[in-house]
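Have a look at the structure below, then the notes.
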Amino acid sequence: MSDDPIVFLNGDYLPISQAQVSVLDRGFMFGDGVYEVIPAYTGKLFRIEEHLKRLDNSLSGIRITTAYSHQQWIELFTTLLAKRGLTGDSAVYLQITRGVQAKRDHSFPDDLTPTIFAMASPLAPTTVSDGVDAITLDDIRWAYCHIKAITLLPNALLRQQAVDRGCNEAILIKDGYATEGAASNLFIVDKEGTLLTPPKDHTVLPGVTRDLILELAAIHQLPYREAQISEQTLFEAKEVWVTSSTKEIVPIVTLNQHTVGSGVPGPIWQKMIAFFADYKEQIRRGEVQ
Ligand SMILES: Cc1ncc(COP(=O)(O)O)c(C=O)c1O
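Residue numbers for the sequence shown follow our numbering, so the first one is 1420 and each next one is one higher.
Structure representation (structure tokens):
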């Protein structure tokens, strides 16, 4: 694998060492931009329409427009994967910032040219069959968590606190209710055996993996519900999982050092990870997207 991989920047495919952005870019100055992370299984883009719809919402949520149609984004990602020779499991990272502004100013004119950057990298194998540890922390983020903004300082500080305490993820608590992880959505299996995840609103990122899990639960007739999860319900859960495009479905086996359920990945997780693996196989065979 090349240590100077080809990336995409503002219309050009070039080695990453040559990809340069102005220090006056509002992404650098203000964290003013949005991003997407899209897995590709054997080169086939995972749930691409869902990722692109979320991208559209993120862009309109911060008032950026680009000239790209969905088809053009797909061509860009496919070309990038091919140029990188990534035929196994990989992920495309796309970042769009508001662009370069001659003078540093919080307010912005409408006619800036967005900076568009994309890179692709191999996806590390994911299954964490032993489960991982997590802690709960106050959700200190802003009020537009449904936008996939590059402004990730709160998420980075929260995740780092979890890592400092030997854990993999921080589960965030807002007004007594769990919202999501620092870089993941949250699922629990409650005392009654129902799979729960918080509803999609401005307090959570509408995860593409999350939506697929709900679809798989419906197809396979697992009881599930979108519902607020109080801190008490979280701590009484039989199973706790966090989900994301790159890590898929990760079972949490301790929360604030308390054992979750029986301390090992639970039976509903075992089922769901098998359904998920089956879905990925269908993507590889080109049967679903
Ligand atoms: C805060 C947050 N929530 C949820 C997710 C999961 O979203 P997806 O499944 O689309 O990767 C992410 C992924 O990065 C995230 O950063």
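Note that CB positions come from ideal geometry on N, CA and C, so glycine has one too.
- Counting only runs of 4 or more residues that sit fully inside the region 1630 to 1665, the alpha helix (DSSP H) segments are 1650 to 1655, in chain order.
- In the displayed model, alanine 1581 falls within a helix according to three-state DSSP.
- Taken from the Cβ of threonine 1498, every heavy atom of ligand 1 lies 7 Å or farther away.
- Serine 1603 has its CB nearer than 7 Å to a heavy atom of ligand 1.
- Judged by pairs of C-beta atoms under 8 Å, the region 1645 to 1665 does not touch the region 1440 to 1452, as fewer than three such pairs exist.
- Contact check for alanine 1543 against leucine 1505 fails: the beta carbons are separated by 8 Å or more.
- Taken through DSSP and simplified to helix, strand or coil, alanine 1696 comes out as helix.
- Following the DSSP letters along the chain, one finds isoleucine 1467 inside the alpha helix (DSSP H) bounded by residues 1467 to 1480.
- Spanning the alpha carbons of isoleucine 1566 and asparagine 1476 requires a straight line of approximately 7 Å.
- A buried status is given to glycine 1600, since no fewer than 16 other beta-carbon atoms sit within 10 Å of its beta-carbon.
- Contact annotation, leucine 1614 with tyrosine 1596: C-beta distance approximately 17 Å; criterion of less than 8 Å not satisfied.
- The C-beta distance from lysine 1502 to tyrosine 1432 rounds to 6 Å, short enough to fall under 8 Å.
- Per DSSP, the unbroken beta strand (DSSP E) holding lysine 1593 starts and ends at 1588 to 1593.
- His1470 is the residue among Asp1423, His1470, Ile1435 whose C-alpha sits nearest the C-alpha of glutamine 1708.
- For histidine 1677, the three-state secondary structure derived from DSSP is strand.
- Between valine 1582 and asparagine 1604, the CB-CB gap reaches or exceeds 8 Å.
- In the DSSP assignment, glycine 1600 falls within the unbroken beta strand (DSSP E) covering 1596 to 1600.
- According to the DSSP secondary-structure assignment, glutamine 1514 is paired through a beta bridge with Tyr1454, Phe1536.
- Counting C-beta pairs closer than 8 Å gives three or more between the region 1688 to 1696 and the region 1631 to 1639, which meets the contact rule.
- Per DSSP, threonine 1498 is one residue of the alpha helix (DSSP H) stretching across 1489 to 1503.
- Annotated as proximal: tyrosine 1460 and aspartate 1508, with beta-carbon spacing under 8 Å.
- Short of 6 Å from the beta carbon of arginine 1560, and not among the five residues preceding or following it, lie these beta carbons of its own chain, in chain order: Pro1573.
- Taking 8 Å as the cut-off, the Cβ atoms of valine 1669 and glycine 1682 do not count as close.
- For phenylalanine 1449, the uninterrupted alpha helix (DSSP H) run begins and ends at 1445 to 1449, by DSSP.
- The bridge partners DSSP lists for glutamate 1667 are Ser1663.
- Of the other Cβ atoms in all chains shown, fewer than 16 fall within 10 Å of the Cβ of threonine 1678; this residue is therefore exposed.
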